[in-house]
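A short worksheet on the structure shown next.
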């Protein structure tokens, strides 16, 4: 639950966190709650001496020579600590001057900013105007800037004047800074007004506002991520230790679900901030989009998590002595000064102009070095008859490049991107394995050589499709509630029982099934994984019609079905860990993209083109698009870090389910009364109204996903076994 994923960035975060804890940063914030005025914290100079305030600034001005990806790590940890003082506003202002300012401006201001000698603030709202004064040889700036975050103690102000910026010392004639009592006294914002303030061209950064706004949004979002994560940690820690009715309150599902939602919100926001920091090095419009996405998600996540943190704590969270309100004060202030709805509206504005940002990994030099060879192979495949392309994709490892050799290429995320790009450029479409792919991954990890030899190639070539038979009547989301039984017979097992809700069984040749082989063993210890030939005697598949009218789910009846010993996966009685791992693969794959969702391109085009018809308009649509992008980023980060199967798949599965519900609601609002028909302009909305319900039930209900997140990621107590 952090922006940092590289080892270097994690070490930086750990160092800053240790520093702020040792200096009791939160206690310093508390000390300012009733102070008459804000003073820099005692560790301000030390923080600057460590190079952390100027980590992003060029070395020639006393900075660390790093960039925005490092600075967001600093901002995140400051947010986690609820640190007092103008750290964030100063870092924002210095980053803007370093990025957008002239050489003279950088030389004049950056040394003092890097050394911590010049607290600063950036104001982007208000109505400043610049009027020329030809006789005086300068211009004058007049107007109300509005509320500026951290302007209370600031000595240097960077303010927006139209699309330009003006850099002003606080003491310049005509500058008024009023600091009323603050909701967040640990970092005091102020009202700033200018009256006929004389400025020269040396004070102006022409055209700097869009870049400044993207930088500010990225860093504010980073601080919000830290705050959202800290709220989650506080709530979880309390839920583990606070007892009620002779149980830790974290064992109650209502509390678990609050904590799970907090974790999911913080995770999504962290992924968006990580991407915005990366985007700063690319095209300006894509950086603006990524920054808008980050703010649209992170600030609401912090605000909501701060509220839920108090809710989980109950009465103790409402007391002055508890730190929960420090986080709420910080979150509410950020939300007021940097409104998420404005960022969400910018997501729509930029999207309508055709700006988009692909969720793709960076390409390391070693992957780029392989491009020429990959391009040649891709062109060779493209030249083959369509019927032969899949075979060649499998032979080269390009069909599933992330799989280990010899079935794939053990490709890194960067190498996979190169392969994808070159196949697309050559006009080669890589088939998707879907359910079959999840099961093949289980066989690769746990199957025998004989099983791999018999089943991998037909699956890769599309000759055999597989399904997964875990669910049973009455068991619901309890995948370990297996009543299908197998008894020993000569050379194998006889299987009897029933499976239900099996996707794709009616078009599959084989299935991976959970079977109880040791009825006297504990519930999770007596399960065996078996490969079932769906064409074998005793197998009956009955399609189940869904609410959409089609039949994708099935009941499967097994009557004295013979399974040879050679088709047992893993050891008999020890199949549950493999099954759980396969379920994790499933949730990751489902979270990466919903096969039942109307294509993103269609939805995005409709919403961007006609969104003004929807209640809530651009802000609602922008948040929706931001959530979808964050979902892609979560999967990208998982791929980059080569994360093994685990409960993290429940995060993306839950996000996608909720996202699909909102997609359906948006399309229905867009269609209006036409959504009552299944033909014509409202047909897509009508269909999505039905389809969207599937994702929050299939592959594990959203409630079960929240339980899994709370128990397996956050470590909350499991429900007592009945």
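In UniProt numbering, the protein residues as written are 1 to 722.
All C-beta atoms, glycine included, are put in the ideal place defined by N, C-alpha and C.
Quick caveat: nothing in here was measured; it's all calculated off a predicted structure.
With fewer than 16 other Cβ atoms from the protein chains shown falling within 10 Å of its own Cβ, residue 195 counts as exposed.
With a cutoff of 8 angstroms on beta-carbon distance, residue 213 and residue 80 are scored as not near each other. Between residue 625 and residue 347, the CB-CB gap stays under 8 angstroms. Contact between residue 58 and residue 51 is absent: CB atoms are separated by about 12 angstroms, not below the 8 angstroms threshold. Using a Cβ-Cβ distance cut-off of 8 angstroms, the region 433 to 445 and the region 466 to 484 are in contact, since at least three pairs of beta carbons, one from each stretch, lie closer than that value.
Per the coordinates, the alpha-carbon of residue 488 lies some 10 angstroms from the alpha-carbon of residue 563. If the five residues before and after residue 179 are omitted, its C-beta is found closer than 7 angstroms to the C-beta atoms of 152, 188 and 190, all from its own chain and listed in chain order. Judged by DSSP in its simplified three-state form, residue 437 adopts helix. When 412, 353, 427 and 349 are compared, the shortest CA-CA separation from residue 380 is found for 427. In the three-state reduction of the DSSP assignment, residue 19 falls in the helix class, which pools H, G and I. Annotation for residue 518: 526 and 573 place their beta carbon closer than 6 angstroms to its own, counting only its chain and skipping 5 residues before and after.
Nearest neighbour of residue 408 by Cα position, chosen from 283, 415 and 400, turns out to be 400.
Annotation: the region 125 to 189 contains the following complete segments of the beta strand (DSSP E) (minimum length 3 residues), in chain order: 129 to 133, 138 to 148, 156 to 161, 164 to 169 and 175 to 178. Per the DSSP secondary-structure output, residue 501 pairs with nothing in a beta bridge.
Counting along the chain, no alpha helix (DSSP H) covers residue 531; the unbroken beta strand (DSSP E) around it starts and ends at 527 to 533. Note that the region 108 to 124 does not touch the region 262 to 269; fewer than 3 beta-carbon pairs, one per stretch, sit closer than 8 angstroms. Excluding five sequence positions before and after residue 102, none of the CB atoms of its chain fall closer than 7 angstroms to its own CB. Rounded to whole angstroms, the Cβ separation of residue 250 and residue 716 is 4 angstroms, and the two are in contact under 8 angstroms. For residue 468, the enclosing beta strand (DSSP E) stretches over residues 466 to 469. Bridge partners of residue 199 according to DSSP: 139. By the C-beta density criterion, residue 88 is buried, having at least 16 other C-beta atoms within 10 angstroms. Taking 8 angstroms as the cut-off, the beta carbon of residue 286 is found no closer than this to the beta carbon of residue 392.
In the three-state DSSP reduction, residue 473 falls in the coil class, being neither helix nor strand.
Across the set 700, 710 and 630, the C-alpha of 630 shows the shortest separation from the C-alpha of residue 301. For residue 562, the enclosing beta strand (DSSP E) starts and ends at 553 to 564.
Scanning its chain for C-beta atoms nearer than 6 angstroms, with the 5 sequence neighbours on each side dropped, one finds around residue 414 the residues 361, 363, 364 and 367, in chain order. Residue 398 and residue 638 have their C-alpha atoms some 20 angstroms from each other. In this structure, residue 298 lies away from residue 337, with their beta-carbon atoms at least 8 angstroms apart. Taking a 10 Å sphere around the C-beta of residue 650, we find 16 or more other C-beta atoms and assign the residue as buried. Pairing residue 139 with residue 199 gives a Cβ-Cβ distance under 8 angstroms. Bounds of the alpha helix (DSSP H) holding residue 232 are 209 to 241. When secondary structure is reduced to three states using DSSP, residue 689 falls in the helix class.
Contact annotation, residue 534 with residue 510: C-beta distance approximately 6 angstroms; criterion of less than 8 angstroms satisfied.
Within the same chain, 390, 393, 399 and 462 come within 8 angstroms of residue 431 by CB-CB distance, once the 5 residues on both sides are set aside.
Counted as a single uninterrupted DSSP element, the alpha helix (DSSP H) harbouring residue 377 occupies residues 371 to 382. Assignment of beta strand (DSSP E) within the region 259 to 297, counting only whole runs of 3 or more residues, yields no such run.
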